[in-house]
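Participant: Before we start, here is the structure in question, set down as structure tokens.
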Amino acid sequence: MSGTTQEETTELRKRQAQFAKELHGEDAGSKTGLTALFSKNKSAQKEAVAKYLKHWDGKTDAEAEDRRLEDYNESTHSYYNVVTDFYEYGWGSSFHFSRFYKGETFFASVARHEHYLAYKAGIKEGDLVLDVGCGVGGPAREIARFTGANIIGLNNNDYQIAKAKYYSKKFHLEDQLDFVKGDFMNMDFEPATFDKVYAIEATCHAPKLEGVYGEIYKVLKPGGVFAVYEWVMTDKYDASNPEHRKIAYEIELGDGIPKMFECDVARKALKNVGFEVLVDDDLADNDDEIPWYAPLSGDWKYIQNISDLSTFVRTSYLGRKLTNAMVSVMERLGFAPEGSVKVTQALEEAAVGLVAGGEAKLFTPMMLFVAKKPLDAK
Ligand SMILES: C[S@@+](CC[C@H](N)C(=O)[O-])C[C@H]1O[C@@H](n2cnc3c(N)ncnc32)[C@H](O)[C@@H]1O
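Below, the structure is given as structure tokens:
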């Protein structure tokens, strides 16, 4: 957000907070999933959908990309205003992928993925930790319980912050957790504040990775560690191949990402801002019997456990078609706000792109980097 003044930032925050109240209502935190969706302010929802989709017109030329990169803040804010309820309905309160062991339930695998990141970052009891792009706080709650650390979640979406705060009260984690509004490209924290920083599938929303990584570097104490599951296109990706570009575009459109970067861009960005990279490991590059994209694939052979059936029914191809049909009827009857179907269609495109990208190993949602701010950093 270079060139943005403090007044402009304050004004944007005020506007986004007001809009969130108008759209989701005063008691936003407590409603979830389809109940929340069906109780939106209808005209505000229409505006939010329009704001999100305005940059995704099928174009992938440099000019179209620049427009998306320039508007990353409002565009991502609008995206999460309209998809958060669908995410919670389909996936739960941790908005990320994970690896699966044979026989492991969906939710056990999600929690294990979070524990693994906390372990790799070396998070321990008493640490002050920043969760960059914290969603509704699912990972922060799990990592706080797992490690005993104190965690601050940073997010630019007011609705998700309201939900994260509601859940930490509900689960009696208020002493360990706090959630604050902010843009990860322009953080308000004092330099050298945090012992550890982690980010799960969030920094891909940045218009420039040096921007967000540089802010993380700044707020980490010298010797502090940053661990991230990054969404990137792998070394197999060729941007000049139309089939490859189509997959990346589907992921960008359906996930509100201004531009999918290649792995090497992320690797270099970490080094450029001063980090020493300790771990560089694509966790999706493996021969797992059950791939990370299994819940989206619609392939019944991946169901391992009776308790996974309900998740599978909501997230699989068939389940998504059913949700789409239901939302379409509800929208026509006036129960679901206008634009809801457009959102489910965009999410469908994302699912198709994610599975295709995963199968061809062109894309990974779990590029693990662990990076250290040198002890002698200024
Ligand atoms: C896919 S979600 C992941 C959320 C969370 N890490 C999890 O795993 O449940 C991406 C998150 O990044 C947040 N985000 C996107 N752009 C942001 C920005 N510029 N500043 C702060 N947060 C941002 C979104 O609001 C959303 O909460």
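Once you know that position 341 of the sequence shown is 321 in our numbering, the rest is easy, because the numbers rise by one and skip nothing. All C-beta atoms in this analysis are idealised placements derived from N, C-alpha and C, irrespective of residue type, glycine included. Quick caveat: nothing in here was measured; it's all calculated off a predicted structure.
(1) First and last residue of the beta strand (DSSP E) that includes residue 161?
(2) What does the Cβ neighbour count give for residue 48, buried or exposed, with the cut at 16 atoms within 10 Å?
(3) Going by C-alpha to C-alpha distance, which of 329, 102, 318 and 226 sits closest to residue 276?
(4) Over what stretch of residues does the beta strand (DSSP E) that includes residue 273 continue unbroken?
(5) Using DSSP bridges, identify the partner residues of residue 110.
(6) Would the stretch 159 to 168 count as touching the stretch 190 to 204 if we require 3 or more Cβ pairs under 8 Å?
(7) Going by DSSP in three states, residue 211 sits in which element: helix, strand or coil?
(8) Which stretch, first to last residue, makes up the alpha helix (DSSP H) that contains residue 119?
(9) Going by beta-carbon coordinates alone, are residue 107 and residue 129 separated by less than 7 Å?
(10) For residue 242, which option in 230, 260, 213 and 254 has the closest C-alpha, if you only look at C-alpha atoms?
(11) Ligand 1 and residue 140: does the residue's C-beta get closer than 6 Å to at least one heavy atom of that ligand?
(12) Starting from residue 351, follow the beta strand (DSSP E) in both directions and report where the run begins and ends.
(13) Could you compute how far the alpha carbon of residue -18 sits from the alpha carbon of residue 28?
(14) Should residue 102 and residue 205 be called a contact, given that it needs their Cβ atoms to be closer than 7 Å?
(15) Where does residue 46 fall in DSSP's three states?
(16) Classify residue -4 as buried or exposed, calling it buried when 16 or more other Cβ atoms lie within 10 Å of its own Cβ.
(17) In the DSSP assignment, what are the bridge partners of residue 293?
(18) Can you grab the Cα-Cα spacing for the pair residue 320 / residue 356, in whole Å?
(19) Is it the case that the Cβ atoms of residue 136 and residue 57 are separated by a distance below 7 Å?
(20) According to DSSP, residue 166 sits in a beta bridge with which residue or residues?
(21) Going by beta carbon distance, what residues of the same chain come within less than 6 Å of residue -9, once the five residues before and after it are set aside?
(22) With a threshold of 6 Å, establish whether the CB of residue 166 neighbours any heavy atom of ligand 1.
(23) Any heavy atom of ligand 1 closer than 6 Å to the beta-carbon of residue 56?
(24) With burial defined as no fewer than 16 other Cβ atoms inside 10 Å of the residue's Cβ, what is the status of residue 346: buried or exposed?
(25) What are the boundary residues of the alpha helix (DSSP H) that residue 90 is part of?
(26) Please classify residue 218: is it buried, with 16 or more other beta-carbons within 10 angstroms of its beta-carbon, or exposed?
(27) Less than 6 Å separating the Cβ of residue 180 from some heavy atom of ligand 1?
(28) Which word fits residue 99, buried or exposed, when buried means at least 16 other C-beta atoms lie within 10 angstroms of its C-beta?
(29) If we count the other Cβ atoms within 10 Å of its Cβ and call it buried at 16 or more, is residue 30 buried or exposed?
(30) Assuming residue 94 and residue 127 are in contact, meaning their beta carbons sit under 8 Å apart, how far apart are those beta carbons, in whole angstroms?
(31) Tell me whether the stretch 260 to 275 and the stretch 325 to 340 touch, counting them as touching only if at least three CB pairs, one residue from each stretch, are closer than 8 Å.
(32) When you measure from the CB of residue 93 to every non-hydrogen atom of ligand 2, does any distance come out below 6 Å?
(33) Any heavy atom of ligand 1 inside 6 Å of the beta-carbon of residue 185?
(34) Kindly provide the ranges of any alpha helix (DSSP H) runs that are 4 or more residues long and lie completely inside the stretch 8 to 39, ordered along the chain.
Facilitator: In this structure, then:
(1) 157 to 161
(2) buried
(3) 329
(4) Premise fails: residue 273 is in no beta strand (DSSP E) and is neither H nor E.
(5) 132 and 177
(6) yes
(7) strand
(8) 118 to 127
(9) yes
(10) 213
(11) yes
(12) 343 to 352
(13) Legend: pLDDT at residue -18 = 47, less than 50; position of this residue unreliable, value from coordinates given subsequently. The straight-line gap from Cα to Cα measures roughly 25 Å.
(14) yes
(15) helix
(16) buried
(17) In DSSP, residue 293 forms no bridge with anything.
(18) 51 Å
(19) yes
(20) 163
(21) none
(22) no
(23) yes
(24) buried
(25) 86 to 101
(26) exposed
(27) yes
(28) exposed
(29) exposed
(30) Contact flag wrong, Cβ pair sits at about 10 Å.
(31) yes
(32) Judged by which ligands are present, ligand 2 is missing from the structure shown, whose ligands are ligand 1.
(33) yes
(34) 13 to 18 and 22 to 33
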